[in-house]
Amino acid sequence: MIAKATALERQKTGLRASPWLANVTTAVMNTSGFMNGSGGICRQLEIPLEVYLILGGVGMLENLLVIIAVVNNRNLHSPMYLFICSLAMADMLVSVGKASEAVIIFLDQNSHLLTETLIDHLDYLFDSLICISLIASILSLGAIATDRYLTIFHALRYHQIMTVKRAALIISALWTFCTFSGSFIIKFNRKNAFPGSLITMYFTTLFVIVSLYVYMFLLARRHAQCIRSLPGQRVHQGTSLKGAITLTILLGIFIICWAPFFLHLILVLACPSNPYCTCYMSLFQVDLILIMCNSIIDPLIFAFRSPELRNTFKKITHTWLAF
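Residue numbering for the sequence shown is 11 to 333, as defined by the working numbering.
Right, here's the structure in full:
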């Protein structure tokens, strides 16, 4: 679905576009030579496979480091860091999927040893990985937002409500749902209803998460004002609010990096043959690069905002370099 939206690239490499994008990619190819307002030509922008390999490798190593750090450091064995591991796993799937696809495209271009049937199966696998990653990222962010809400406004009962075991069960259910739903969307994507459903799920879930964050910060501000109004009282919500701010940054980066791709999907459904729409769709590979950059940025945010996680990163890195 995601990695197969560029029909021109598929024409060169032998990999085919996903069925629900077949019509629009044909339209993009047919109109890719129209003149834009400045007299130039909107041609399909191609990014070297090496860029996908480098970004995919960096993203995979960074997110793998996050998971290893949380597993090795007992101080990080908390529900919030388990949800962060879930988000890191989703980011890693994007990196693995795109880097693997770049390798397959390279092999197909240079050796032509891959059969059509194998290519079809690999198309399905890579598309499923990225679709599963998208759904898992959205739901992991939702789980993190809920966890922060409980931490701030139900602090006394938090450890009764959200235990490590319960968080692990939530993550297991989350990934089971993501695996089946992502595979289902890719397997039965011959109608526009499926990308439409993906778009609806993306914006609906983000609206709910953003609304929860806004409500959380407004309520926290109101509580802080009430506490300050009492004589001799101080506010002690700094740690919880710091975690909420960190995860707000994650949400903002996620929206920025994925929004161009979803704009592409909207244009696919709304105006597949419009020259301005197809000119934007010719930049589809830039959208993919932004998605991969999201996988690289998230671990950097974790390290920058969490001293405990940052110190664990340093210890693991020094251990690796020692070998």
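Where is the CB? At the ideal position from N, CA and C, for every residue including glycine. From a predicted model like this one, the values you see are computed outputs, not experimental measurements.
Which listed residue (the options) has its alpha carbon closest to that of residue i
i    : options                   : result
I148 : N85, I311 and L216        : L216
G260 : P270, A332, Y225 and R315 : The displayed chain sequence assigns Leu, not Gly, to residue 260. Checked all of P270, A332, Y225 and R315; the closest Cα to L260 is R315.
C52  : V80, M291, F323 and C303  : M291
V81  : L55, V174 and G107        : V174
V104 : I57, T214, I307 and L184  : I307
I265 : P285, Q295 and F213       : F213
F198 : C141, V61, R158 and T125  : C141
S305 : L55, M99 and Q54          : M99
M211 : Y223, P282, S283 and L144 : L144
I78  : F323, C267 and A332       : F323
V220 : R167, R158, S193 and V106 : R158
V61  : F116, L92, T258 and L86   : F116
A153 : N284, G192, T127 and L92  : L92
L55  : P270, L319, I114 and V296 : V296
L277 : I195, P205 and L300       : P205
T258 : W268, T186 and F227       : F227
F344 : H328, R320, I209 and F190 : For the chain, the structure presents residues 11 to 333; residue 344 sits outside this window and is missing.
G3   : R167, L229 and S138       : What the structure shows of the chain is the stretch from 11 to 333, and residue 3 is not part of that stretch, so it cannot be assessed.
I263 : H169, I311 and T125       : I311
Three-state class that DSSP yields for residue i in the structure shown
i    : result
H169 : helix
L123 : coil
I301 : helix
R53  : coil
H131 : helix
L293 : coil
G47  : The pLDDT assigned to G47 is 43, lower than 50, so where the model puts this residue is not dependable; a value taken from the coordinates is nonetheless given after this. G47 falls in the coil class under three-state DSSP.
S147 : helix
P309 : helix
S283 : coil
V38  : Residue confidence for V38 is low, a pLDDT of 43 falling below 50, so the modelled location carries little weight; the figure read from the coordinates is stated next. Correct three-state label for V38: helix.
S88  : coil
H164 : coil
V245 : Since pLDDT at V245 reaches only 49, below the 50 mark, its modelled position is unreliable, and the value read off the structure follows with that caveat. Of the three classes helix, strand and coil, the one that applies to V245 here is coil, per DSSP.
A32  : Here A32 scores only 38 on pLDDT, less than 50, and its place in the model is too uncertain to base an answer on.
Nearest-angstrom beta carbon gap, residue j and residue i [assumed within contact, 8 angstroms]
i    : j    : result
V76  : I64  : Their Cβ separation, rounded to whole angstroms, is 19 angstroms, which puts V76 and I64 out of contact at 8 angstroms.
A165 : S96  : Rounded, the Cβ-Cβ distance is 23 angstroms, inconsistent with contact.
D101 : N83  : That pair is no contact at about 19 angstroms.
L184 : S150 : 7 angstroms
L222 : A313 : With a Cβ gap of about 25 angstroms, L222 and A313 do not count as contacting.
P282 : A177 : That pair is no contact at about 43 angstroms.
I70  : A109 : According to the sequence displayed, residue 70 carries Met and not Ile. The pair is a contact, with the Cβ atoms about 7 angstroms apart (cut-off 8 angstroms).
I57  : I326 : Actually they are not in contact, since the Cβ atoms of I57 and I326 sit about 31 angstroms apart, beyond 8 angstroms.
L86  : L331 : Incorrect: roughly 22 angstroms between the Cβ atoms, too far for contact.
Host alpha helix (DSSP H) of residue i (start-end)
i    : result
F194 : V174 to K197
P8   : The chain is shown from 11 up to 333; residue 8 falls before or after that span and cannot be answered.
L71  : L59 to N82
heavy atom of the ligand GDP below 7 angstroms from residue i C-beta
i   : result
C95 : Judged by which ligands are present, the structure shown has none, so any question about the ligand GDP falls away.
Just checking, does the stretch 157 to 172 make contact with the stretch 126 to 134 on the three C-beta pairs under 8 angstroms criterion? no
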